[in-house]
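Right under this line is the structure:
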């Protein structure tokens, strides 16, 4: 898995919220946000795809365990625009991640790994991350 910006040894715990501000490149194909215990195990993979992997204007969520991708979850709405700033808010509950997208729609994705704290965060693809905040 190629990784752009990595944050290791952070503390993202149940009850906290992660806010990500970024801008997809004007010609963006896709970008991704990954949260997990390590590079090899991803509890939440969010992949907005403008035009990548055979998808157009689709948000794909998944998890990665034991060297394999698990069951994908695809969303019907796509509130991202190339070249326009986005804000994504990820709330971490004991059972799931609640992701609020730029148009205030939400994605609910199960915490399949079941941990109460994750220490790894990565961003990759065609977006520039302007800020992240954990509260």
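In my numbering, the protein residues as written are 5 to 139. Beta carbons: idealized from backbone N, C-alpha and C, even for Gly.
- For residue 81, the number of other beta carbons within 10 angstroms of its own is below 16, and it is reported as exposed.
- Boundaries of the beta strand (DSSP E) harbouring residue 65: 59-69, taken from the DSSP string.
- Taking C-beta atoms under 8 Å as the contact rule, residue 27 and residue 88 qualify, at a distance of about 7 Å.
- A distance below 6 Å between beta-carbons, with the five flanking residues on each side excluded, links residue 103 to the following residues of its chain, in chain order: 94, 111.
- In the structure shown, residue 123 falls within a strand segment according to DSSP collapsed to helix, strand and coil.
- Under the DSSP assignment, residue 112 falls in the beta strand (DSSP E) whose first and last residues are 110-114.
- Within 10 angstroms of the beta-carbon of residue 62 lie 16 or more other beta-carbons, which makes it buried.
- Membership of residue 106 in any beta strand (DSSP E) is not indicated, and neither H nor E is assigned to it by DSSP.
- Counting other Cβ atoms within 10 Å of its Cβ, residue 130 reaches 16 or more and is therefore classed as buried.
- 34 is the residue among 34, 74, 48, 50 whose C-alpha sits nearest the C-alpha of residue 58.
- Counting the other Cβ atoms within 10 Å of the Cβ of residue 36 gives 16 or more, which makes it buried.
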